[in-house]
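So the sequence shown is numbered by the UniProt record's numbering: it starts at 1 and just counts up by one. C-beta: ideal position from N, C-alpha, C; glycine also. Only one structure is covered here, and it is reproduced in the block below.
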Amino acid sequence: MDTESDNVIKGHEQIVAHVIAAFDDLPVPPGIRLQLPPPSTTTLALQYEKFVPGRSISATVEIPPQYGNVMGILQGGFIAAMFDDLMAPLSYLTAKNPTTSMDLTTHFLRPVFVGERVTLTATVQKAGRTAIYLAAEAHNEKNKLVATAVSTLQVVGLPQT
1 MDTESDNVIK
11 GHEQIVAHVI
21 AAFDDLPVPP
31 GIRLQLPPPS
41 TTTLALQYEK
51 FVPGRSISAT
61 VEIPPQYGNV
71 MGILQGGFIA
81 AMFDDLMAPL
91 SYLTAKNPTT
101 SMDLTTHFLR
111 PVFVGERVTL
121 TATVQKAGRT
131 AIYLAAEAHN
141 EKNKLVATAV
151 STLQVVGLPQ
161 T
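Laid out in structure tokens, this is it:
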């Protein structure tokens, strides 16, 4: 019997391996050489934790000093980039086609300090033929909600070769 727990993939290396295998069956624009995980994920230091195909993906990150403002608080653009970077693979794998962000709205609810570990989770709200709607949350080590985001991603049809 197939249950959600049967489909859950845990751990950074296992999730990356799954994504690499999945991309073998997905269209890639001409002239593009895939780098998995992408440079943005590596730069942001996201570590994938849990992936439920078609439903959600989560990652953790310890906030490095270079992401802090003058007061040692995470600069908001970095967490917005983390949300965007987490939503991208979820949308691409859900659509089974390339996607591109049409919007990203982020709400900052409490400060995150340099050195804190944050867990981000993105979930599919609705997957359509031409657009995918995602929501995401970020929690600190005390499981306090620190930020939320919503995004609409356009499913990009590639020319048939």
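Original post:
For the candidate residues H12, R129, L134 and A149, whose alpha-carbon lies nearest to that of H107?
Top reply: Per the Cα distances, A149.
Original post:
How big is the Cα-Cα spacing for V155 and P29?
Top reply: Each residue's alpha carbon lies about 13 Å from the other.
Original post:
Using the C-alpha atoms, what's the distance from G72 back to E13?
Top reply: So the two alpha carbons sit approximately 30 Å from each other.
Original post:
T41: buried (16+ other C-beta within 10 angstroms of its C-beta) or exposed?
Top reply: Under a 10 Å Cβ-count criterion, T41 is classified as buried, with 16 or more other Cβ atoms of the shown protein chains found around its own Cβ.
**OP:** Throw me the rounded Cβ distance for the V146 and R110 pair, which I believe falls under 8 Å.
**Re:** With a Cβ gap of about 5 Å, V146 and R110 count as contacting.
Original post:
By Cβ distance, which residues of its chain are closer than 8 Å to S56, with the 5 residues on each side in sequence left out?
Top reply: Excluding positions up to five away in sequence, the list reads K50, L90, T121, A122, T123 and V124.
**OP:** Please classify M1: is it buried, with 16 or more other beta-carbons within 10 angstroms of its beta-carbon, or exposed?
**Re:** A caution first: M1 carries a pLDDT of 42, below 50, which makes its placement in the model too unreliable to give a value.
Subject >> For L153, the first and last residue of its enclosing alpha helix (DSSP H) >> reply: Not the alpha helix (DSSP H): L153 falls in the beta strand (DSSP E), residues L145 to V155.
**OP:** Work out the CA separation of G128 and A45 for me, nearest whole Å.
**Re:** Distance from the CA atom of A45 to the CA atom of G128, rounded to whole angstroms, is 30 Å.
**OP:** Please classify L74: is it buried, with 16 or more other beta-carbons within 10 angstroms of its beta-carbon, or exposed?
**Re:** The Cβ neighbour count for L74, taken over all protein chains shown within 10 Å, is at least 16; the residue is labelled buried.
Subject >> Bridge partner(s) assigned by DSSP for K96 >> reply: According to DSSP, which records beta bridges pairwise, K96 is partnered with nothing at all.
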